[in-house]
Amino acid sequence: VLAHTYLANQLTGVWLNDVRASEGLLNAHVVAEYGVPVVLVTGDDVACEDALGYAPEARKVAVKDHVSRYAAVCRTPTRTAADIRAAAKEATALAVRHEPVSGGPFTLALEFDAEHLAAASTVVPGVAQVGERKVAYTHDTMFEAIRTF
Numbered sequence: 020v021l022a023h024t025y026l027a028n029q030l031t032g033v034w035l036n037d038v039r040a041s042e043g044l045l046n047a048h049v050v051a052e053y054g055v056p057v058v059l060v061t062g063d064d065v066a067c068e069d070a071l072g073y074a075p076e077a078r079k080v081a082v083k084d085h086v087s088r089y090a091a092v093c094r095t096p097t098r099t100a101a102d103i104r105a106a107a108k109e110a111t112a113l114a115v116r117h118e119p120v121s122g123g124p125f126t127l128a129l130e131f132d133a134e135h136l137a138a139a140s141t142v143v144p145g146v147a148q149v150g151e152r153k154v155a156y157t158h159d160t161m162f163e164a165i166r167t168f
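Heads up, the sequence shown is in this note's numbering, so the first residue is 20 and it goes up one at a time.
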């Protein structure tokens, strides 16, 4: 669940082409359209594990241990800064331009914790309510899909 970047309390699920999607996965698809690889991922241990699916070669640094959507056990800044610095140095070797990837169309579905939020979302052009608390929309590019998000 995209707890810290988007509606922390109201958004309960995100799917990309019917697959539960993390913030990292969504962003990886956006940058892939520009030939940019994901080379470094920092976040909690769950985010780093998730990145194995969309950026297996990327360097990963867990800066905290997941407890719940709203809590984590943080590692010390001294330790994490050193780990991030080392991983970033390694990641520079992976930072080479790739051929742009276009995998569209992309359908994003969002589930809210309340019906009225889903209904309100339908004022955005192209967004349709597909369930009591769920909306969806489709775009040819991930860039346009994430802009609508």
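Backbone N, C-alpha and C define an ideal beta-carbon position, used for all residues, glycine too.
Tell me the residue span of the alpha helix (DSSP H) that contains residue 61.
Residue 61 sits at position 42 when you count from the first residue of the sequence shown. Here residue 61 belongs to no alpha helix (DSSP H); instead the beta strand (DSSP E) covers 59-63.
Looking at the structure shown, is residue 159 part of a helix, part of a strand, or coil, going by DSSP?
Within the sequence shown, the letter at position 140 stands for residue 159. Three-state result, residue 159: coil.
Boundaries of the beta strand (DSSP E) in which residue 92 is found, first to last residue
As a first step, residue 92 must be located in the sequence shown, where it is residue number 73. First-last of the beta strand (DSSP E) with residue 92: 90-93.
Hey, how far is the Cα of residue 149 from the Cα of residue 130?
Here residue 149 is taken as the residue at index 130 of the sequence shown, counted from 1. Here residue 130 is taken as the residue at index 111 of the sequence shown, counted from 1. The alpha-carbon atoms of residue 149 and residue 130 are separated by roughly 10 Å.
Could you round the C-beta distance between residue 60 and residue 74 to whole angstroms and report it? I think they count as a contact, below 8 Å.
For the purposes of this step, residue 60 is taken as the residue at position 41 of the sequence shown. For the purposes of this step, residue 74 is taken as the residue at position 55 of the sequence shown. With 8 Å as the limit, residue 60 and residue 74 qualify as a contact, their Cβ atoms being about 6 Å apart.
Check whether the stretch 42-55 touches the stretch 139-156, taking contact to mean three or more Cβ pairs, one atom from each stretch, closer than 8 Å.
no
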